[in-house]
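S.K.:
There are 2 protein chains.
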Amino acid sequence: MADGATTRDLRTRNRARVLRRVVVAGETTRADLAAQCHLSAATVTNVVGDLLREGLIEERGSLPSDGGRPIGQIGVHPSGAYFLGADVGEHGVAVELFDLSFERLDREFREGRTRESTPSEIGEALQDAVSAIRARHPERESRLVGLGLGLPGIVEDISGSHGGREVVLYAQSLGWPPVHIDELLRADALEVLADNGAKTLATAEMWFGAARGVDHAIVALLGRGIGLGVVSNGELMRGLASSAGEWGHTKVSVGGPRCRCGAQGCLEAYVGADAILGRWRDGGGEPPGSGWRALTALVAAADAGASAAVRVLDETVEVLALALGNLVNLTNPERVIVGGWVGLCLMQSRRAQLEAQVRAAALERPGGQFALELCRFEGDSVALGAALLPLQRLIDGPMAKVTA
Amino acid sequence: MADGATTRDLRTRNRARVLRRVVVAGETTRADLAAQCHLSAATVTNVVGDLLREGLIEERGSLPSDGGRPIGQIGVHPSGAYFLGADVGEHGVAVELFDLSFERLDREFREGRTRESTPSEIGEALQDAVSAIRARHPERESRLVGLGLGLPGIVEDISGSHGGREVVLYAQSLGWPPVHIDELLRADALEVLADNGAKTLATAEMWFGAARGVDHAIVALLGRGIGLGVVSNGELMRGLASSAGEWGHTKVSVGGPRCRCGAQGCLEAYVGADAILGRWRDGGGEPPGSGWRALTALVAAADAGASAAVRVLDETVEVLALALGNLVNLTNPERVIVGGWVGLCLMQSRRAQLEAQVRAAALERPGGQFALELCRFEGDSVALGAALLPLQRLIDGPMAKVTA
DNA sequence: GACTGTTATTCTAAGTCGTGAAAGAAGGAG
DNA sequence: CTCCTTCTTTCACGACTTAGAATAACAGTC
């Protein structure tokens, strides 16, 4: 709640700022907190006192000051809270356990069937993996804050006024019917939060990656599918039903190649991995397999001068740059962050070309104001980002009861 | 400032909520304010008391209640504050004076030279018009809050940490060099705020038009140029340097017709008025002039079955729907609001077709969640929206000193 | 080892704020 | 005139932040 009109909400907000800052920085001083959070030293003392009592932060020795009382350092208390994050994909399910310093403590992977799995199979695998991890860490159970899910598709939060939360996953591209997340998983005594996988990855970048401390950014994830997170005013854009950021099916041209969503000319049908490799194959190329190896083979062929490969890469960069340029015009970001394995590959091989073309596609003003960067996390931090969902709950929520 | 950690800021925020609500509603009751602003009745009493003392709202008789004490009505005190708004265009300058009920009290128009004007000419006209209005209303001078400018181009706020505000207008399409707004106008003792004209129009829609009370919306303005305002979380998206929302030069296709911005395939080169009429002319049509009359002639021709005209309109709708659909996917709005004279014309003649195609272009989910609406204000409320800039200042700012 | 200078942190007192409960105000019905 | 009902305000309370005073914790220095 950004609202809240009482003095207690004031404290809640200030606690949130301080805690957020400590988690992001890992280790700080009271003076830094006062400056960063626009609080007086006295308030920082009070809030820090609360957080110490809550067990979320800890005192960490001290630094020498210029001749005076040493500066007390404070940092995250790693075992102060634990978070589960799950990367739910079509291929399988990964569940990870993090402490408050966001060190990964444990991980459990469940492979799906080779072919596409059904919601109930995935749900079972998820349930199973979560239970396994929880069973291995009984001593942490009491400080487990929640479970975040990064899901492959549109995650709508339609919790109306009518009580119970209603979160539904629409994974059209997997051919799933709409699924309530409660159907997917029943976690006893554990808060479950869900978000689209690309959004959780963007969240991870916002907290610990290339979008850290940036108020306006776009985080593009290029893999088989195309995902996007738009950060505006320091927050991820969600829209009415939190499906904002659906970028993969942006129509890049009237007509154009058919996309797996059924429409024509989608961005994904140009720069999605399958589309890229498909074009190469059509041009006579012979990709080994379909993943990272195939893509690097394409790059290698292009570097070796194979004209078909060069053309495919050039086209890919051109379309991507066009779409990114449009996005830059639309959102005027400070950073443009490209990730996903296809993104990584393109950034490694064609970064300058991409950057130049994005700037050219955008108008002069917004086009000159962003920095292009690579995602700091690769694909497997969907789970990390998902684990940040309960963290945000912990931070923005009211103070926990402290056993005095 | 959305931040602010002191108890006084709390009051500032609550005052802002209440005042905003009163201005939007025009007339309300205390109970309504308590409900809408999530405040207790006691707090509403206090805040309303402050606002009454400030002279911004007034008591307005009472409504009968079901057998009990009558409900006191309160409303905006029209003469509590005045605002100037200016619509600065290539054709000329219109300055308007509003009171707190946003009744227009006066208007001053200065035609530019028939050909494009220079910044200094426009600045002079602006200065002149503002002075004329101020001179006509000396008694309102003391309660004049500020002047808002709606400008034709990107308005960048680069007020860094280094003191003085730096607001620069980049009106590339007018062929202007970058202009400091201070160069454009020197207003003694009057706060001057500026924003892009399309954004001020969107602001007007947010306050009093089709986007009222909506947290997620897109407001598209179609005229000779194409403008856009994206409302996310109840606020207009601005991006790093407030140039977010540049939509007219979105590349709709690789290659494509050349746009006045120099690039190819811009949306504006398809659905801008000149482009539409140009295509009709190329197809053998004979538009009378170039404005509204020409466009209605095109629609009439299409209605009469002229195949060239039908084709032109169909193409226009198709491209526009594509672009809007992409935007819907990206922002997941609750409303899609179309305005501008070209927009009006298209909505009158091809609304159903446009709506169907936008929904088809968007994914199923976000595509089914918005309502398509017509702008409630036509072109001349750029000035109204501009006048809302100082209003926002008044609302979000601290309480005014009251001569006790 | 006492003392001083210096810086970081905490304590104290003062001033604000919002809220629930209780009191007050303003009409209508009997 | 009295009671009843319904809004509105007052009051007492607890909670908050903060400026400034006080204290803590060190390094030199005499």
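Note that the protein sequences, when read in sequence, are chains A and B.
Here the first sequence stands for residues 1 to 404, where the numbers follow this note's numbering.
Here the second sequence stands for residues 1 to 404, where the numbers follow this note's numbering.
Note that beta-carbon positions come from the ideal geometry of N, C-alpha and C, so glycine has one too.
Please tell me whether P257(A) has its Cβ less than 8 Å away from any Cβ of chain B.
M.R.: Output row for P257(A): interface = no.
S.K.: How big is the Cα-Cα spacing for W176(B) and Q127(B)?
M.R.: About 18 Å.
S.K.: What does the alpha-carbon distance come out to for the pair F109(B) and A383(B)?
M.R.: Taking the straight line from one Cα to the other gives about 11 Å.
S.K.: Would H180(B) be called buried (16 or more neighbouring beta carbons within 10 Å of its own) or exposed?
M.R.: Result: exposed.
S.K.: Using only CA atoms, which one of L372(B), S243(B), P366(B) and P152(B) lies nearest to E355(B)?
M.R.: Of the candidates L372(B), S243(B), P366(B) and P152(B), the one whose C-alpha sits nearest the C-alpha of E355(B) is L372(B).
S.K.: Establish whether the CB of A400(A) and some CB of chain B are separated by less than 8 Å.
M.R.: A400(A) does not count as touching chain B.
S.K.: Per DSSP, what kind of secondary structure is G385(A) in: helix, strand or coil?
M.R.: Residue state, collapsed to three classes: helix.
S.K.: For G209(B), which residues of its own chain have a beta-carbon under 7 Å away from its beta-carbon, when the five flanking residues on both sides are left out?
M.R.: Excluding residues within five positions, the ones whose Cβ falls inside 7 Å are C375, R376 and F377.
S.K.: What's the call for A362(B), buried or exposed, on a 16-neighbour Cβ count within 10 Å?
M.R.: A362(B) should be labelled buried.
S.K.: Could you tell me whether any Cβ in chain B is nearer than 8 Å to the Cβ of I154(A)?
M.R.: Yes, its Cβ sits closer than 8 Å to a Cβ of chain B.
S.K.: Quick check: A86(A) and L147(A), are their CB atoms within less than 8 Å of each other?
M.R.: The answer is yes: Cβ separation under 8 Å.
S.K.: List the DSSP bridge partners of C266(A).
M.R.: Paired residue(s): K251(A).
S.K.: According to the Cβ coordinates, are L277(A) and W247(A) closer than 8 Å?
M.R.: Contact: no.
S.K.: Considering only the alpha carbon of each residue, which of D314(B), S349(B) and D182(B) lies closest to P119(B)?
M.R.: Measuring from the Cα of P119(B), the nearest candidate turns out to be D182(B).
S.K.: Would you say G325(B) lies against chain A (beta-carbon separation less than 8 Å)?
M.R.: Yes - at least one Cβ of chain A is within 8 Å of the one on G325(B).
S.K.: Return the first residue and the last residue of the alpha helix (DSSP H) that S349(A) is part of.
M.R.: Where S349(A) is concerned, the enclosing alpha helix (DSSP H) stretches over G340 to A361.
S.K.: Do the CB positions of A5(A) and H38(B) come within less than 8 Å of each other?
M.R.: Result yes, Cβ atoms of A5(A) and H38(B) sit closer than 8 Å.
S.K.: Check whether the segment 231-248 of chain B touches the segment 283-291 of chain B, taking contact to mean three or more Cβ pairs, one atom from each stretch, closer than 8 Å.
M.R.: No, the segment 231-248 of chain B is not in contact with the segment 283-291 of chain B.
S.K.: Along chain A, in chain order, which residues have C-beta atoms closer than 8 Å to that of Q36(B)?
M.R.: Residues of chain A passing the Cβ test: none, with the nearest at roughly 11 Å.
S.K.: Could you check whether the Cβ of V319(B) sits closer than 8 Å to any Cβ belonging to chain A?
M.R.: V319(B) counts as touching chain A.
S.K.: Just the Cα atoms here: how many angstroms apart are R258(B) and A269(B)?
M.R.: Answer to the nearest angstrom: the Cα atoms are 7 Å apart.
S.K.: Note down, in chain order, each residue of its chain lying with its Cβ closer than 6 Å to the Cβ of M347(A), except the 5 sequence neighbours on either side.
M.R.: Here the set comprises V338 and L374.
S.K.: Please return the same chain residues whose Cβ sits closer than 6 Å to the Cβ of N481(A), not counting the five positions on each side in sequence.
M.R.: What the structure shows of chain A is the stretch from 1 to 404, and residue 481(A) is not part of that stretch, so it cannot be assessed.
S.K.: Identify every residue that forms a DSSP beta bridge with F109(A).
M.R.: DSSP, once it has assigned bridges, lists A94(A) as partnering F109(A).
S.K.: Taking the alpha carbon of R79(B) as the point to measure from, which residue in E90(B), A323(B), W207(B) and F98(B) has its own alpha carbon closest?
M.R.: In the sequence under discussion, the amino acid at residue 79(B) is Ser, which differs from the Arg named in the question. Checked all of E90(B), A323(B), W207(B) and F98(B); the closest Cα to S79(B) is F98(B).
S.K.: Thinking C-beta only, is R15(A) closer than 8 Å to V47(A)?
M.R.: The answer is yes: Cβ separation under 8 Å.
S.K.: Since L236(A) and A194(A) should fall inside the 8 Å C-beta cutoff, what is the C-beta to C-beta distance between them, to a whole number of angstroms?
M.R.: Not quite, the Cβ-Cβ distance comes to about 14 Å (not below 8 Å), so this is no contact.
S.K.: Whole angstroms is fine: what's the gap from T7(B)'s alpha carbon to T7(A)'s?
M.R.: Answer to the nearest angstrom: the Cα atoms are 7 Å apart.
S.K.: Applying the criterion that 16 or more other CB atoms from any shown protein chain within 10 Å of the CB defines a buried residue, is L151(B) buried or exposed?
M.R.: The residue in question, L151(B), is buried, as its Cβ has 16 or more Cβ neighbours within 10 Å.
S.K.: In terms of residues, what are the limits of the alpha helix (DSSP H) holding N332(B)?
M.R.: That residue, N332(B), is in no alpha helix (DSSP H); it is neither H nor E in DSSP.
S.K.: Looking only at C-alpha atoms, which of E364(A), Q172(A), R107(A) and F102(A) sits nearest to R260(A)?
M.R.: R260(A) has its Cα closest to that of Q172(A), out of E364(A), Q172(A), R107(A) and F102(A).
S.K.: Taking the Cβ atom as the reference point for each residue, do L313(B) and L324(B) lie within a distance shorter than 8 Å?
M.R.: For L313(B) and L324(B), no; Cβs fall outside 8 Å.
S.K.: Identify the continuous beta strand (DSSP E) that holds S62(B) and give its terminal residues.
M.R.: I57 to L63 is the span of the beta strand (DSSP E), which, as asked, contains S62(B).
S.K.: Quick one, which residues of the segment 225-251 of chain B are near chain A if we go by CB-CB under 9 Å, in chain order?
M.R.: Residues L228, V230, S232, N233, E235, M237, R238, G239, L240, A241, S242, S243, A244, G245, E246, W247, G248, H249, T250 and K251.
S.K.: Please confirm if Y170(A) has its CB atom under 8 Å from at least one CB of chain B.
M.R.: Yes, Y170(A) counts as interfacial toward chain B.
S.K.: Going along the segment 166-192 of chain A in order, which residues come within less than 8 Å of chain B, judged by CB to CB distance?
M.R.: Those residues of the segment 166-192 of chain A that come within reach of chain B (Cβ to Cβ, closer than 8 Å) are Y170 and Q172.
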